[in-house]
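Undergrad: Numbering (my numbering), first residue to last: 933 to 1148.
C-beta atoms are modelled at their ideal positions from N, C-alpha and C, and glycine is treated no differently.
Pasting a structure below so you can have a look.
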């Protein structure tokens, strides 16, 4: 799974990399956790736009939002069939900008945290899905999830899943292509494209309560 990531590059760098219209300002964050507002890039009126949504997918057909584990990840192998995600896969795909993510490996109580980033330490885009939910009382919220897949050779040494990462040349296809065409991009990142570095971050960074977190 992917439950903690980093976006430490500046807003200017992020905008230049993903080529969206908005001049959104946000501070760099080393730890982006579930329940927090996250930045996504999606298509609106034929253009790439930046938006803030909550990390933790709520299907549009859910009648009420109940406490529990949020849908922070969607399995790429079944996303076209799962009722929670199939409509979003067809109509509401997005990119989630990041420059690294964290994964824990080892026996319970003795886990090592690894920071995973590109070999060149550049930005990259997670494959994401977003959704718009409206409650019976008129309340509204937009949410997103990150897609995962079986890992490549390097990542398999620490975990049995990795996030789906869309190559820059495929951004347009992921955002605007037909669902079947976009589904062809749900695959592991190429071998030797990412590095794994042990880090001393505490697990608590991934489990802080949403009401203790601030917006960008």
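Would you mind stating whether residue 1059 and residue 1011 have Cβ atoms separated by less than 7 angstroms?
TA: No, they are not a contact pair.
Undergrad: Measuring straight from C-alpha to C-alpha, what distance separates residue 1086 and residue 1123?
TA: If I take the Cα positions, the gap works out to 7 angstroms.
Undergrad: Hey, how far is the Cα of residue 1091 from the Cα of residue 1023?
TA: Computed Cα separation, rounded: 30 angstroms.
Undergrad: Determine, using beta carbons only, whether residue 1105 and residue 1029 come nearer to each other than 7 angstroms.
TA: Contact flag unset, no.
Undergrad: When we look at the beta-carbon of residue 1066 and count the other beta-carbons within 10 Å, is it buried (16 or more) or exposed?
TA: Classification for residue 1066: exposed.
Undergrad: Hey, which unbroken runs of the alpha helix (DSSP H) at 4 residues or more fall wholly within the stretch 1020-1077?
TA: Taking only runs of at least 4 residues, no alpha helix (DSSP H) segment lies wholly in the stretch 1020-1077.
Undergrad: With which residues is residue 1127 paired in a DSSP beta bridge?
TA: BP columns for residue 1127 point to 1049.
Undergrad: Go ahead and pull the three-state DSSP assignment for residue 1003.
TA: The answer is strand: DSSP assigns residue 1003 an E or B state.
Undergrad: Pull up the distance between the alpha-carbon of residue 983 and that of residue 1132, whole angstroms please.
TA: Distance between the alpha carbons of residue 983 and residue 1132: 31 angstroms.
Undergrad: Beta strand (DSSP E) containing residue 953: first to last residue?
TA: No beta strand (DSSP E) contains residue 953, which DSSP labels as neither H nor E.
Undergrad: According to DSSP, is residue 969 part of a helix, a strand, or is it coil?
TA: Looking at residue 969 - three-state DSSP - the assignment turns out to be strand.
Undergrad: Identify which residue in 1112, 1117, 1034 has its Cα closest to the Cα of residue 964.
TA: Closest by alpha carbon: 1034.
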